[in-house]
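Each remark here refers to the structure printed beneath this line.
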Amino acid sequence: MLNPSDQSAHAYPDHWEADVVLRDGGTARIRPITADDAERLVSFYEQVSDESKYYRFFAPYPRLSAKDVHHFTHHDYVDRVGLAATVGGEFIATVRYDRIDAAGRPAAAPADEAEVAFLVQDAHQGRGVASALLEHIAAVARERGIRRFAAEVLPANTKMIKVFTDAGYTQKRSFEDGAVRLHLDLEPTDRSLAVQRAREQRAEARSVQRLLAPGSVAVVGAGRAPGGVGRTVLRNLVDAGFTGPVYAVNRALPAGPAALDGVPAHRSVGEIGEPVDLAVVAVPAEHVPDAVADCGEHGVRGLVVLTAGYAESGPAGRERQRALVRQARSYGMRVIGPNAFGVINTADGARLNASLAPQLPAAGRIGLFTQSGAIGIALLSGLHRRGAGVSSFVSAGNRADVSGNDILQYWYEDPDTDVVLLYLESIGNPRKFTRLARRTAAVKPVVVVKGARHSGSAPPGHAVPATRIPHATVSALLRQAGVIRVDTVTELVDAGLLLAGQPLPEGPRVAILGNSESLGLLTYDACLTEGLRPLPPRDLTTAATPEDFRAALAGALHDDACDAVVVTAIPRVGLRGTAEPTGEGEVLATALREACATSPAKPVVVVHVELGALADALAAATSTAPAPEHPAPAGRAEPAGAAPTPGAAADRTPYGGTATAPRPPGAPPEPGRAPADGPVPPGAPAGNIPAYPAAERAVRALAAAVTYAEWRRKAAEPGRVPEYEGVDEKGAAARIGRLLGTGGTGGASGTGGVGERGITLAPDDTRELLACYGIAVRPVLPAPDPDTAVRAAARLGYPVALKTTAPHLRHRPDLGGVRLDLATEEQLRTAYAELTEALGGPAELQPVVQAMVPRGVDTVVRAAIDPAVGAVLSFGLTGAPSELLGDMAHRLVPATDRDVAEQVRSIRTAPLLFGWRGSAPVDTAALEELLLRVSRLVDDHPEVVAVALEPVVVAPRGLAVLGATVRLAPPPARTDLGPRRLPSY
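What the sequence shown shows, in full-length UniProt numbering, is residues 1 to 985, in sequence order.
This is the structure in structure tokens:
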């Protein structure tokens with residue numbers, strides 16, 4: 001806690017400044033009030049109603065005196081703090097606290113309670129401004145050593161009472177002298193954190209909705225001549241049939257009425273004279289600030305900036321990008337871009353194509369987000385070509401403001417979106433992304449392909465640098481969150497097609513049928529490779545008719561022994577050796593759809609070889625039925641109508657091929673309503689049947705659906721964090737405080753206290769700290785010479801092990817630095833001589849003696865704090881499996897019993913733990929308990945930034961920890977526990 005006598009405590013705390021998204025999706029800036037804000041404060045107060053002033057001061061208070069203005073603008077930022085929420089640089093709300101002077105307290109011990117009061121301009125009440133200010137003033141108070149807030153509120157001021165009571169803090173309420181007296185404990189609770197995240201979700205979803213479902217659009221920079229970015233977007237908006245007013249803005253237009261592409265054209269947004277919700281900015285970078293100011297001053301609610309020349313162009317462009325975001329947010333606007341490809345919303349209530357895509361794609365149930373415009377257009381084309389439409393599409397370019405996290409917030413509750421596809425080149429906030437993805441994956445699939453995996457950096461234009469997390473770790477953490485991780489954009493489309501059009505499989509059993517024995521065997525092998533359980537392939541022979549396919553597929557779908565079906569097809573050969581006539585693909589597609597429509601709902605995929613007509617016929621069968629108001633679990637939705645007749649007329653689309661007309665309009669997204677969940681009834685028809693040109697691609701997509709379906713089933717019972725005996729949390733905290741305060745005892749690395757990287761504990765300190773959590777480390781005794789080694793062995797008891805601890809030999813038994821099962825003094829002395837003769841002198845080898853433990857499997861358990869994702873628990877086998885092959889399993893902390901059980905079984909070398917080739921199974925229950933104890937230690941004490949237990953010998957009964965290291969450091973900041981704020985760059 002800061003001491004008020006410390007002069008540095010009075011410096012302006014710029015880290016308290018933050019941009020926040022309000023309940024209605026607009027933005028505001030929260031910052032400390034300064035002495036320069038006197039005029040703003042007076043102007044703000046004049047716009048507040050008399051009733052609100054009465055609620056604030058408990059008496060008529062028409063104006064602020066000079067003394068009041070001085071008092072409310074001069075703060076020491078310790079005992080007295082004021083924050084303001086601003087839009088366009090003007091105050092819309094204020095909050096302040098004054099530390100309560102407790103009688104009799106020592107001067108060096110400031111009181112830990114403060115009086116708090118709010119005032120919100122009437123025009124901005126109901127936007128969630130006071131709730132956001134409470135979060136931020138509470139964080140400031142905690143930083144300054146204040147633990148409780150006290151507030152007096154008139155009983156009639158129900159809105160402010162609700163702000164306090166709904167915040168989720170522990171509180172007490174009393175009625176004194178005609179006022180409600182509230183006391184709030186400011187320590188975050190599970191409920192306050194849940195409230196904060198729920199508000200964040202609603203606000204960010206609403207801010208995206210304002211961008212994707214605007215009532216009106218202006219294209220700023222639409223040129224008078226055809227062509228050019230602005231004119232192209234204007235043309236696309238008009239051609240898509242956008243349901244609201246469209247305006248063109250070009251400052252080079254002559255005075256007077258004008259029109260471009262049949263829409264009104266003006267020289268500025270201010271001249272339009274009507275509300276504009278969304279502005280698409282396509283002017284040169286040097287003119288963007290003027291365009292943003294014009295939009296902000298005339299009430300535009302959001303921007304899509306297509307203009308390039310920002311961070312992707314170098315340092316000067318990066319500064320322009322920062323200025324763009326600051327300027328837009330100051331007016332309460334959010335930004336997609338710059339350097340964006342644009343946004344699309346196919347709902348009939350919007351029909352928005354504010355992008356460079358030449359036409360509006362077909363409507364569908366897939367939400368698509370990309371950071372690359374080129375990849376975005378390729379994905380749109382691939383989805384269309386294979387019969388899938390999109391609900392909405394966002395290509396965020398440099399994503400200086402709106403990011404994939406924001407879009408996830410929107411799609412989580414969007415009733416028009418059943419499947420989420422994301423192409424990401426960087427993950428700016430992995431901790432938040434993992435949290436949002438896990439919540440979304442619980443109700444609809446999230447499929448991610450991550451670019452720039454090996455380069456270690458994002459493209460230069462991205463606002464947030466790529467987080468340097470190993471690829472395997474990222475994959476494991478996303479898998480734990482239920483995210484389907486794929487490697488290529490082709491696999492992204494493959495998985496999206498299956499999940500959007502087919503039910504989720506109930507298990508891994510796969511029936512295979514088709515008219516090619518060889519293709520069936522290839523499919524069988526692919527299933528085994530992907531961990532599925534294929535049934536013996538059924539060969540219908542090359543003479544099979546569409547009716548044979550229909551009957552075989554219906555039989556497989558009715559078979560309780562299968563969970564999914566792969567249909568393989570090659571061109572049918574007639575009795576005379578001639579290929580089937582034209583139309584074979586359409587007839588076969590009809591037969592397959594009929595079988596699905598009259599059978600239990602199970603996923604069906606088709607593998608076709610030289611049967612492009614079949615793929616085209618299946619792709620043309622996209623359902624045009626309206627979606628239910630609350631979609632069923634993604635991938636299991638039941639279309640409300642029959643598929644169109646094969647070969648029926650269809651609309652030409654911009655990506656080649658055909659697509660049926662978009663579905664009828666659905667209800668607009670409504671923030672705060674999560675998707676409903678529920679099973680598909682037996683016999684419900686599947687949606688579009690996806691077709692793949694290779695068995696491996698079809699099976700890989702099916703395996704992804706199986707894995708996701710299993711995660712969904714288990715997500716309903718997420719496991720628990722068990723309580724174990726022998727855990728001394730307070731004792732561990734005391735030891736950690738002492739070690740960090742003194743720089744450790746004895747062998748702690750480093751000198752002169754604790755730096756940013758912390759300290760590595762001495763062996764004794766390590767054993768004592770781990771013992772506080774019931775983790776026993778087998779003692780080792782130094783053996784600098786043979787006689788000392790013999791005395792150490794006598795103390796520990798024979799048999800013993802002699803091993804080196806030199807860094808280049810540690811945990812490397814393959815290099816000969818370990819001698820085991822030494823049962824006598826003579827054997828120990830002989831081993832000591834051999835060791836030093838072969839590898840070097842004792843000073844170099846640093847030999848130690850340790851008692852032998854029962855034989856078992858050598859494993860490694862680690863935990864480390866990653867600033868980006870938090871604490872990560874890792875497990876694998878020692879040596880080559882983990883170090884050479886990277887066979888490690890990772891889980892986020894705190895891990896549950898289910899998490900660690902899956903973690904132990906998920907490594908490729910797990911069979912060695914369960915009796916491989918007749919060996920005795922080891923005690924995995926003891927191993928899981930050890931993992932949970934390590935997880936608990938790191939979760940309870942964020943100062944424990946790294947733990948490594950190696951080797952951990954897991955025997956048939958019990959285990960032994962033979963080596964351990966622990967590193968302590970001041971805990972890294974947990975931004976996800978602080979108040980809501982938008983990233984600042």
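Glycine included, every Cβ here is placed at the ideal spot set by N, Cα and C.
Go through its chain and collect everything with a Cβ distance to residue i's Cβ below 6 Å, but skip five positions before and after it.
i      : result
Asp616 : none
Arg509 : Arg533, Cys562, Asp563
Gly750 : With a pLDDT of 38 at Gly750, under the threshold of 50, the modelled position of that residue is not reliable, and no figure is offered here.
Ala437 : Val446, Ala481, Val483
Asp764 : none
Ala969 : Gly758, Val945
Ala308 : Asn339
Gly507 : Asp563
Going by beta carbon distance, what residues of the same chain come within less than 8 Å of residue i, once the five residues before and after it are set aside?
i      : result
Pro106 : Confidence is the limiting factor: at Pro106 the pLDDT is only 43, short of 50, which leaves the residue's position unreliable, though a coordinate-based value still follows. So no residue of the chain qualifies.
Asp897 : Gly719, Arg720, Val721, Pro722, Glu928, Leu932
Arg908 : Pro881, Leu885, Asp887
Gly731 : Cys772
Gly774 : Tyr724, Glu725, Gly726, Val727, Arg933
Shortest alpha-carbon distance to residue i belongs to which of the options?
i      : options                        : result
Ile272 : Ser919, Val283, Asn250         : Asn250
Lys53  : Gly228, Asp416, Val446, Asp122 : Asp122
Glu530 : His124, Pro214, Ala698, Thr490 : Ala698
Asn688 : Gly741, Ala620, Val69          : Ala620
Ala694 : Glu710, Ala543, Val606, Val727 : Val606
Thr542 : Phe369, Leu519, Arg572, Asp406 : Arg572
Asp277 : Val220, Leu968, Arg538         : Val220
Asp98  : Thr86, Glu90, Gly89, Asp79     : Asp79
Tyr55  : Gln171, Val180, Val87          : Val180
Ala889 : Arg431, Ala895, Arg224, Phe875 : Phe875
Ala84  : Glu176, Tyr45, Leu64, Glu51    : Tyr45
Val304 : Thr370, Val269, Val238, Ala396 : Ala396
Val517 : Asp539, Tyr12, Thr94           : Strictly speaking, residue 517 in this sequence is Glu, with Val absent from that position. The candidate whose alpha carbon is nearest that of Glu517 is Asp539.
Phe613 : Val21, Leu796, Leu211, Gly585  : Note on residue identity: the sequence assigns Ala, not Phe, to residue 613. Minimum Cα distance to Ala613 is reached at Gly585.
Could you compute how far the alpha carbon of residue i sits from the alpha carbon of residue j?
i      : j      : result
Ala218 : Gly296 : 13 Å
Arg767 : Gly978 : 34 Å
Leu492 : Ile344 : 19 Å
Ala156 : Val163 : 14 Å
His266 : Gly256 : 8 Å
Gly168 : Val208 : 26 Å
Gln359 : Ala347 : 14 Å
Lys444 : Asp112 : 45 Å
Val300 : Leu324 : 15 Å
Gly389 : Leu702 : 20 Å
Pro951 : Gly915 : 20 Å
Ala205 : Asp406 : 7 Å
Lys450 : Leu424 : 5 Å
Arg329 : Gly367 : 26 Å
Gly520 : Val566 : 9 Å
Arg320 : Ser174 : 52 Å
Asp50  : Thr158 : 16 Å
Pro784 : Arg862 : 29 Å
Thr488 : Leu408 : 21 Å
Can you tell me the Cβ-Cβ gap for residue i and residue j, rounded? I've got them flagged as a contact below 8 Å.
i      : j      : result
Gly25  : Ala203 : 7 Å
Asn353 : Ala240 : 4 Å
Leu611 : Ile570 : 7 Å
Val280 : Leu306 : 7 Å
Gly302 : Leu211 : 4 Å
Closer than 7 Å by C-beta to residue i: which residues in its own chain qualify, once you throw out the five before and the five after it? Chain order, please.
i      : result
Val922 : Gly856, Val857, Leu913, Val954, Ala955, Pro956
Pro665 : With a pLDDT of only 32 at Pro665, under the threshold of 50, the placement of this residue in the model should not be trusted; the figure read from the coordinates follows. Around Pro665: Ala347, Asp348, Gly349.
Of all the alpha helix (DSSP H) runs that stay within the bounds of the region 871-957, which reach a length of 4 or more residues?
Listed in chain order, the complete alpha helix (DSSP H) runs (minimum 4 residues) inside the region 871-957 are 880-883, 897-906, 924-940.
Residue ranges of each beta strand (DSSP E) within the region 231-285, 3 or longer
Correct list: 246-249, 258-260, 263-266, 278-281.
Quick one: which unbroken alpha helix (DSSP H) runs of 4-plus residues sit fully inside the UniProt domain "N-acetyltransferase" (28-187)? Chain order, please.
For the UniProt domain "N-acetyltransferase" (28-187), whole alpha helix (DSSP H) runs of length 4 or above, ordered along the chain, are 38-46, 50-57, 66-73, 129-143, 158-165.
Return the chain-ordered ranges of every beta strand (DSSP E) run that is complete within the region 391-426 and spans a minimum of 3 residues.
You should have 419-424.
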